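Here the structure comes first, spelled out in structure tokens, and everything after it is commentary.
Residue numbers (my numbering): 46 to 438.
Following this line, the structure appears as structure tokens:
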């Protein structure tokens, strides 16, 4: 069961973390969410923290409404992990060459490919072609981003996104990555968030950032169209990066074999039935954890990550955390820590150890072990991973 309840005017939010461990800004956001007239259920994950517009680590079920801010600006952001046939003994003493090849194959930060990447897998190639053909159906405000959206498919981005090479407790090598819908998803999200704030039914909201679209309206239909396209874009972006990643690994280990990937969104909308009621469920910084469903919950660039299997907890709307969750802002992390701290906290990991990624230092995140302890009734651990290589933008 959840650890605490937070009272709202419409429903109580259920927390899978002690309320006293949640910062005051996030608690205010959660109370505002739980006071929306359309809300049916609010579940709060143990990695919860204050977010832009709506709280990161929140799962919100609404009746006939959806708040774009409750999805987040990086629509479709999520995780992927692939187990390989390699073991720790197959890896060289230095992983620098593999990291360099990865950074050459997959652009990071604001970088993009010179042109559209053509997938080798014919099924993936067909999906990418179909997706890009649908670009003209998106909101006209993004028409100038067509070329950028094409060139950014198969790219990592920056911030907390990463590519990792990991070992599980049996010494098996895993590939893992965290990525989103790049600039196109962010732009679409911001367009619709601004549009929602201007609608008449949202004018009395305590927090205008929580503005919603209502089912049956043109505005909702336009948002759902763009949202679903961006969610698909984000998933194809991950799959395309995995194709590029496996090519790099195969160049170093020609005999390597790869299992099917575990893939999951953690910023998205889904139509679901909970407690006998059809709802629009937003997960912002949370994954679906239906009974038997596999997912990925990462820590930080110096801590452990987990492959999990959902337990189908009805009170959490079949959800679990999306990661460790930040315990301090990026600015605060830069003020509190030094590059020396970063090097110490990422010891043994082949990765950047410079000021450009200081705000991603493990010390800026909640302890992933505590997060996993709080959600033992939401997921079971299938594999425990520790990175030996990490690429960040």
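Glycine included, C-beta positions come from ideal geometry on N, C-alpha and C. All values derive from a computational prediction rather than experimental measurement.
Alpha carbon of residue i to alpha carbon of residue j, nearest angstrom
| i | j | result |
| --- | --- | --- |
| residue 263 | residue 132 | 53 Å |
| residue 124 | residue 410 | 17 Å |
| residue 443 | residue 190 | With the chain covering only 46 through 438, there is no way to say anything about residue 443. |
| residue 239 | residue 247 | 12 Å |
| residue 395 | residue 293 | 16 Å |
| residue 266 | residue 142 | 48 Å |
| residue 211 | residue 222 | 10 Å |
| residue 195 | residue 313 | 21 Å |
| residue 389 | residue 98 | 34 Å |
| residue 165 | residue 296 | 15 Å |
| residue 160 | residue 418 | 45 Å |
| residue 204 | residue 299 | 32 Å |
| residue 88 | residue 376 | 28 Å |
| residue 147 | residue 353 | 26 Å |
| residue 416 | residue 427 | 16 Å |
| residue 73 | residue 216 | 44 Å |
| residue 178 | residue 380 | 46 Å |
| residue 136 | residue 218 | 9 Å |
| residue 328 | residue 90 | 10 Å |
| residue 319 | residue 58 | 15 Å |
| residue 172 | residue 69 | 44 Å |
| residue 425 | residue 108 | 30 Å |
| residue 138 | residue 220 | 18 Å |
| residue 317 | residue 251 | 27 Å |
| residue 130 | residue 291 | 12 Å |
Start-to-end residues for the beta strand (DSSP E) that takes in residue i
| i | result |
| --- | --- |
| residue 432 | 424-437 |
| residue 228 | Element bounds for residue 228: not the beta strand (DSSP E) but the alpha helix (DSSP H), 227-242. |
| residue 316 | 312-319 |
| residue 126 | 123-132 |
| residue 107 | 101-107 |
| residue 410 | No beta strand (DSSP E) contains residue 410, which DSSP labels as neither H nor E. |
| residue 340 | 339-342 |
| residue 355 | 349-355 |
Segment limits, alpha helix (DSSP H) that includes residue i
| i | result |
| --- | --- |
| residue 186 | Counting along the chain, residue 186 falls outside any alpha helix (DSSP H), and DSSP gives it neither H nor E. |
| residue 267 | 263-297 |
| residue 177 | 167-178 |
| residue 248 | First-last for residue 248: undefined, no H or E at that position. |
| residue 78 | 69-78 |
| residue 148 | 141-150 |
| residue 387 | 384-390 |
| residue 191 | 191-197 |
| residue 377 | 375-381 |
Integer Cβ distance of residue i from residue j, believed to fall under 8 Å
| i | j | result |
| --- | --- | --- |
| residue 209 | residue 434 | 6 Å |
| residue 127 | residue 258 | Not a contact, Cβ separation roughly 36 Å. |
| residue 289 | residue 150 | 5 Å |
| residue 244 | residue 110 | Incorrect: roughly 11 Å between the Cβ atoms, too far for contact. |
| residue 285 | residue 403 | That belief does not hold up - the Cβ atoms of residue 285 and residue 403 are roughly 29 Å apart, past 8 Å. |
| residue 346 | residue 155 | Going by Cβ atoms, the distance from residue 346 to residue 155 rounds to 20 Å, so no, they are not a contact pair. |
| residue 436 | residue 144 | 6 Å |
| residue 408 | residue 386 | 7 Å |
Own chain partners of residue i with C-beta closer than 7 Å, once the 5 adjacent residues on each side are dropped
| i | result |
| --- | --- |
| residue 429 | 213, 214, 349, 351 |
| residue 399 | 384 |
| residue 71 | 93, 94, 95, 100 |
| residue 431 | 211, 212, 349 |
| residue 83 | 107, 108, 109, 110, 257 |
Check whether residue i and residue j have beta carbons under 7 Å apart
| i | j | result |
| --- | --- | --- |
| residue 406 | residue 382 | yes |
| residue 342 | residue 368 | yes |
| residue 281 | residue 307 | no |
| residue 241 | residue 256 | yes |
| residue 330 | residue 104 | no |
| residue 64 | residue 85 | no |
| residue 278 | residue 237 | no |
| residue 371 | residue 94 | yes |
| residue 92 | residue 366 | yes |
| residue 192 | residue 119 | no |
| residue 114 | residue 254 | yes |
| residue 283 | residue 323 | no |
Beta-carbon proximity list for residue i, same chain, < 8 Å, skipping 5 on both sides
| i | result |
| --- | --- |
| residue 183 | 233, 270, 271, 274 |
| residue 46 | Here the model assigns residue 46 a pLDDT of 47, short of 50, so the residue's position is not dependable and the matter cannot be decided. |
| residue 176 | 274, 277, 278, 281 |
| residue 321 | none |
Cutoff 6 Å; reference residue i; Cβ partners in own chain excluding five residues on either side
| i | result |
| --- | --- |
| residue 335 | 355, 357, 363 |
| residue 54 | 80 |
| residue 421 | none |
| residue 227 | 197, 202 |
| residue 200 | 152, 157 |
| residue 310 | 121, 123 |
| residue 67 | 93 |
Short CB-CB distance (under 7 Å) between residue i and chain C
| i | result |
| --- | --- |
| residue 393 | Absent from the structure is chain C; it holds one protein chain and no more. |
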